[in-house]
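Colleague: Input: one structure, supplied below.
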Amino acid sequence: MKPGVPLSLPAVRQQLDELLEVEYSFRDTAQPAAAIAALPAERQARLISWIRRIASTHVELGYQVACRGVAAQALMAPDDFEAWIFHSMDRYDAEGLRPALRVIEQYRQFAGQQQARSRGALLQEHEGVLSHFLRGLSGRPLKLSAADTIHTDSETLFLPPLLAGLPTPGQNFQLYKVTCALLWAQIRFGSFRPLLSLNAPDPGLLALYHAMELLRLKACLRRALPGLHRQLEQICQALGEAALPAEWTGLLARLETPETQATDVLVLARQQLGRLTPYPSTGQPIILDLEAVRTCMQVRIEKERARFKVALNSLLEELPGNVREKRPSRFTKQREEDPSVPEGFRVEILLDDMPAPLPDEVQALQRSILLDLGEIPDDYLQPAGPGDYDSALLRDPTRDADDVWRGSYHEEGAHLYDEWDFQRRHYRKNWCAVREREITPLYDDFAARTLAKHHGLVKHLRKTFEAMRHENRLLKRQPEGDGVDIDALVEALADAHLGFEMTERLLTRMQRNERNIAVVFMVDMSGSTKGWINDAERESLLLLCEALQSLGDRYAIYGFSGMTRKRCELFHIKHFEEPYSELIRGRISAIEPQDYTRMGFAIRHLSRVLQQTEAKTRLLITLSDGKPDDYDGYRGQYGIEDTRRALIEARRGGIHPYCITIDEQARDYLPHLYGPAAYSVVDDVRALPLKVSDIYRRLTR
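Residue 5 is where the sequence shown starts when you use the numbering used here, and the numbers rise one by one after that.
What follows is the structure, given as structure tokens:
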């Protein structure tokens, strides 16, 4: 296609037929081709390019964009059109084809939303700040989720993905914040407690109770968080919230007293049912989803009751034997008088009339129980018996590493990472579910055999690394020092000859080379490492650890493997803070081949680990036997491009990646991934232990 010359109708149709696989799907491209052929050349090329990119995700999505793309382009700016395409692909990744098609069909609504975004606030952009804000409030940890209505089920706050009811993005962010505060207040101040026992409640009663309860909660916020309450009042004023109806003003004093609880509000609502009607709220109102609250709370209450009783039993088992034999221990409770403890949490658990030493996680569990019930019931203070341990209620899905692979991969406790799709030229959002897993140490004779086999090499490496630790560096052009800097002196004499003032920086001095290095070793544990390669990897790590003992560098070791995006696994071998010990040797010995070589997630996760470590130099060294690969389509160019993108992200974060491989074909793809000077190919696997230590020494000089 010549620049500035639009494609003819037959040429456009031919391209669409190829992109949309018309030969196999029998789609009719006549109408979209005619509309595209009428466009100027630049718009033609841009639209066909987008059709190609989205068709790489799903052909039906590409066809629907072809049918609606011309009309959508007319409504949207180029950036908004791009956001529309990406939003549909993200929805496809998260929810499937039908929701993604709905996004494409509703392009007019999307165009209107994009116009509102210029003044609005996006939940996705502010989710991190709002999550930190919620963590600063007392109570249980809360999650955020996008939804069409504003409500909470007592564990998750559901908020609109976009708020644009106020003139500026800053005001709309504040609207998000105060809305979060009101939803949190429902949980914190017991709004749901009196509703659990209601059977088929009258909708009118619920609506009246909800309106009264919001007035009580605003008064609670004014007492507990006055600064936040001022922000709430400012937002209400900006929204143009109407004055409270006259018939409500008489109730306001009763609702705002500190003594009024949610149960009192329910009684008052029953008394006023039929006399008062809920006053209308300005903007998008907070709703009460009683069914969602009941379902969530009932499951949590039963689970936390069992976990609390088991925790108390664990405390008893930790008592010294002579104490347990003297008298049976019992748990009681009393009101906590410490003013630093927020009201509502002032319940202290006693063991034999003395404060019980509750661990932090049990104290958090106690706070959650108090939020739901307002007290610790007496039966909770009876430690669990033997039969209670078999209860399914004790299973915590956030702590079982295998639960993330059952059903939806969006499970709490998994780290979710984007993955780069080179055909889309866009990330798949939250695509990989990553779990850190423990390696059970294997205490066999592997370490002893390896150290005996490489006895001379170990001594050599220790001496070499010890010398690196004491290396000095010559600093030139110093005002004070032990020797003369000849180069600086010559330049100074030349300056003096020309009439310039001589510098005082004419000396040299030796400075101890202070090493401030953090290194993560990323070890390939895919199935292809079985046999010689696995043995060589384990020997390399063991010898490296022995040598690093004399150097003092901070280092961590993780294995990686996976099977599809839902099962991306990192195996903890050594954390930064762990000392090298028999335990680490046992974990190294237990390294064994697992599944496939999906690399992008491992680079992204370990880059985050490195970025959280204070160090002047951060290295990510990969030890692998081959190119990125997984059987779900990650192999080939897709895997290589995602890995390359992850490495680019790591470099932008101040991390220096390096790869050591024994793949004989690595020279075909490693320069594209790491660059020409950031990898080494070891031709003989038996030389790997020596090469790894030698390469590390060169990298960290």
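Glycine is no exception: its CB is placed at the ideal position from the N, C-alpha and C atoms.
Along the alpha helix (DSSP H) that carries Tyr-609, what are the first and last residues, could you check?
Modeller: Walking along the sequence shown from the start, residue 609 turns up at place 605. The question names Tyr, but residue 609 in the sequence shown is His. That run of the alpha helix (DSSP H) goes 604-615.
Colleague: Thinking Ala-104 and Tyr-96 are a contact (beta carbons under 8 angstroms), I'd like their distance in whole angstroms, please.
Modeller: Residue numbering aside, residue 104 sits at position 100 when the sequence shown is read from its first letter. Residue numbering aside, residue 96 sits at position 92 when the sequence shown is read from its first letter. Right, the Cβ-Cβ distance comes to about 4 angstroms (below 8 angstroms), so this counts as a contact.
Colleague: Confirm, please, whether the CB-CB distance from Leu-277 to Gly-208 is below 8 angstroms.
Modeller: Counting from 1 along the sequence shown, the entry for residue 208 is found at position 204. Counting from 1 along the sequence shown, the entry for residue 277 is found at position 273. Contact flag set, yes.
Colleague: In angstroms with no decimal places, state the Cα-to-Cα distance between Ala-654 and Ile-607.
Modeller: The residue you call residue 654 lines up with position 650 of the sequence shown. The residue you call residue 607 lines up with position 603 of the sequence shown. Their backbone Cα atoms lie some 8 angstroms apart in a straight line.
Colleague: Please report the distance separating the alpha-carbon of Arg-432 from that of Gly-640.
Modeller: One-based indexing of the sequence shown puts residue 432 at position 428. One-based indexing of the sequence shown puts residue 640 at position 636. C-alpha separation (whole angstroms): 17 angstroms.
Colleague: Going by beta carbon distance, what residues of the same chain come within less than 6 angstroms of Phe-450, once the five residues before and after it are set aside?
Modeller: Within the sequence shown, numbered from 1, the residue matching residue 450 stands at position 446. Excluding sequence neighbours, Phe-450 sits near Ser-593.
Colleague: Would you tell me roughly how many angstroms separate the C-alpha atoms of Leu-623 and Met-301, rounded to the nearest one?
Modeller: Translated into the one-based positions of the sequence shown, residue 623 becomes position 619. Translated into the one-based positions of the sequence shown, residue 301 becomes position 297. In a straight line, the C-alpha of Leu-623 is about 46 angstroms away from that of Met-301.
Colleague: Specify the secondary structure class of Gly-8 as computed by DSSP and reduced to three states.
Modeller: Within the sequence shown, the letter at position 4 stands for residue 8. Note: Gly-8 maps to coil in three-state DSSP.
Colleague: With burial defined as no fewer than 16 other Cβ atoms inside 10 Å of the residue's Cβ, what is the status of Gln-238: buried or exposed?
Modeller: Indexing the sequence shown from 1 puts residue 238 at position 234. It is exposed - the Cβ of Gln-238 has fewer than 16 other Cβ atoms within 10 Å.
Colleague: Report all residues from its chain with a CB closer than 7 angstroms to the CB of Ala-39; omit the five preceding and five following residues, and keep chain order.
Modeller: As a first step, residue 39 must be located in the sequence shown, where it is residue number 35. The residues are Val-74.
Colleague: Do you know offhand how far Asp-383's Cα is from Thr-264's?
Modeller: One-based indexing of the sequence shown puts residue 383 at position 379. One-based indexing of the sequence shown puts residue 264 at position 260. Taking the straight line joining both Cα atoms gives about 27 angstroms.
Colleague: For Leu-699 versus Ile-577, is the C-beta spacing smaller than 8 angstroms?
Modeller: Translated into the one-based positions of the sequence shown, residue 699 becomes position 695. Translated into the one-based positions of the sequence shown, residue 577 becomes position 573. Before going further, note that residue 699 is Ile rather than Leu in the sequence given. The answer is no: Cβ separation not under 8 angstroms.
Colleague: So for Thr-336, helix, strand or coil by DSSP?
Modeller: Translated into positions along the sequence shown, residue 336 becomes position 332. Correct three-state label for Thr-336: strand.
Colleague: Just the C-alpha distance for Asp-84 and Ala-120, rounded to the nearest angstrom, thanks.
Modeller: Counted from its first residue, the sequence shown places residue 84 at position 80. Counted from its first residue, the sequence shown places residue 120 at position 116. Those two C-alpha atoms are separated by around 12 angstroms.
Colleague: Are the Cβ atoms of Leu-374 and Phe-335 separated by less than 8 angstroms?
Modeller: Stepping through the sequence shown from its first residue, residue 374 is reached at position 370. Stepping through the sequence shown from its first residue, residue 335 is reached at position 331. Going by C-beta atoms, Leu-374 is not nearer than 8 angstroms to Phe-335.
Colleague: Find the nearest neighbour of Gly-378 within the set Glu-25, Ser-333, Pro-346, judged by alpha-carbon distance.
Modeller: Translated into positions along the sequence shown, residue 378 becomes position 374. Checking every option, the nearest Cα to that of Gly-378 belongs to Pro-346.
Colleague: Mind checking Leu-587: buried by the 16 CB within 10 Å criterion, or exposed?
Modeller: Residue mapping note: residue 587 aligns to position 583 of the sequence shown, counting from 1. Looking at its Cβ environment, which holds fewer than 16 other Cβ atoms inside 10 Å, Leu-587 is exposed.
Colleague: Compare the Cα-Cα distances from Ile-625 to each of Pro-583, Leu-548, Cys-572 and report the closest residue.
Modeller: In the sequence shown, the residue the question calls residue 625 occupies position 621. For the residues Pro-583, Leu-548, Cys-572, the minimum Cα distance to Ile-625 belongs to Leu-548.
Colleague: Bridge partners for Pro-359 per DSSP, in chain order?
Modeller: Translated into positions along the sequence shown, residue 359 becomes position 355. Its beta-bridge partners are Leu-354.
Colleague: Can you confirm whether the region 216-235 touches the region 181-197 when touching is taken to mean that 3 or more C-beta pairs between the two stretches lie within less than 8 angstroms?
Modeller: The region 181-197, when compared against the region 216-235, does touch it at the 8 angstroms Cβ threshold.
Colleague: Within the same chain, show all residues whose beta-carbon is closer than 8 angstroms to that of Ser-149, passing over the 5 residues directly before and after it, in chain order.
Modeller: The count along the sequence shown starts at 1 and reaches residue 149 at position 145. Only Thr-160, Leu-161, Phe-162, Leu-163 meet the Cβ criterion.
Colleague: To which residues does DSSP link Gln-482 through a beta bridge?
Modeller: For the purposes of this step, residue 482 is taken as residue 478 along the sequence shown, with counting starting at 1. Answer is Leu-511.
Colleague: Tell me Arg-432's beta-bridge partners as DSSP assigns them.
Modeller: On the sequence shown, position 428 is the one that residue 432 refers to. Glu-423, per the DSSP bridge assignment.
Colleague: Does DSSP classify Pro-445 as helix, strand or coil?
Modeller: As a first step, residue 445 is located in the sequence shown; it is residue number 441 there, counting from the start. Of the three classes helix, strand and coil, the one that applies to Pro-445 here is coil, per DSSP.
Colleague: Buried or exposed for Tyr-28, please, with buried defined as at least 16 other CB atoms from any protein chain shown within 10 angstroms of its CB.
Modeller: Locating residue 28 in the sequence shown gives position 24, where the first residue counts as 1. Exposed, by the Cβ-count rule.
Colleague: Provide the residue span of the alpha helix (DSSP H) that contains His-458, from first to last.
Modeller: Counted from its first residue, the sequence shown places residue 458 at position 454. No alpha helix (DSSP H) holds His-458; DSSP gives it neither H nor E.
Colleague: With Leu-692 and Val-686 assumed to form a contact (beta carbons below 8 angstroms), what rounded beta-carbon distance in angstroms separates them?
Modeller: Residue 692 sits at position 688 when you count from the first residue of the sequence shown. Residue 686 sits at position 682 when you count from the first residue of the sequence shown. Yes, they are in contact, since the Cβ atoms of Leu-692 and Val-686 sit about 5 angstroms apart, within 8 angstroms.
Colleague: May I ask you to check if the CB of Gly-679 is nearer than 7 angstroms to at least one heavy atom of the ligand NAD?
Modeller: Within the structure as shown, the ligand NAD is missing, as the structure has no ligands at all.
Colleague: Spatial neighbours of Leu-141 within its chain, please: C-beta separation below 6 angstroms, excluding the five flanking residues on both sides.
Modeller: If you number the sequence shown from 1, residue 141 lands on position 137. Excluding residues within five positions, the ones whose Cβ falls inside 6 angstroms are Trp-188.
Colleague: Assuming Leu-627 contacts Val-527 under a Cβ cut-off of 8 angstroms, what Cβ separation, rounded to an integer in Å, is found between them?
Modeller: Here residue 627 refers to the residue found at position 623 when the sequence shown is read from its first residue. Here residue 527 refers to the residue found at position 523 when the sequence shown is read from its first residue. At roughly 5 angstroms, the Cβ-Cβ gap stays under 8 angstroms, so Leu-627 and Val-527 are in contact.
Colleague: Output the distance between the C-alpha atoms of Arg-371 and Ala-185, rounded to the nearest integer angstrom.
Modeller: Taking the first residue of the sequence shown as position 1, residue 371 is located at position 367. Taking the first residue of the sequence shown as position 1, residue 185 is located at position 181. Their backbone Cα atoms lie some 18 angstroms apart in a straight line.
Colleague: What does the Cβ neighbour count give for Asp-672, buried or exposed, with the cut at 16 atoms within 10 Å?
Modeller: Numbered from its first residue, the sequence shown carries residue 672 at position 668. Classification for Asp-672: exposed.
Colleague: Are the CB atoms of Gly-604 and Trp-424 nearer to each other than 8 angstroms?
Modeller: Residue 604 sits at position 600 when you count from the first residue of the sequence shown. Residue 424 sits at position 420 when you count from the first residue of the sequence shown. The answer is yes: Cβ separation under 8 angstroms.
Colleague: Under a three-way DSSP split, which group does Ala-522 fall into?
Modeller: Here residue 522 corresponds to residue number 518 of the sequence shown, with the count starting at 1. Three-state DSSP puts Ala-522 in a strand.
Colleague: Between which two residues does the beta strand (DSSP E) carrying Phe-162 extend?
Modeller: Taking the sequence shown and counting its residues from 1, the one referred to as residue 162 is at position 158. 160-163 is the extent of the beta strand (DSSP E) around Phe-162.
Colleague: Drop a sphere of 10 angstroms on the beta-carbon of Pro-262, count the other beta-carbons inside from all chains shown, and report buried for 16 or more, exposed for fewer.
Modeller: Position 258 of the sequence shown, counting from 1, holds the residue named residue 262. Looking at its Cβ environment, which holds fewer than 16 other Cβ atoms inside 10 Å, Pro-262 is exposed.
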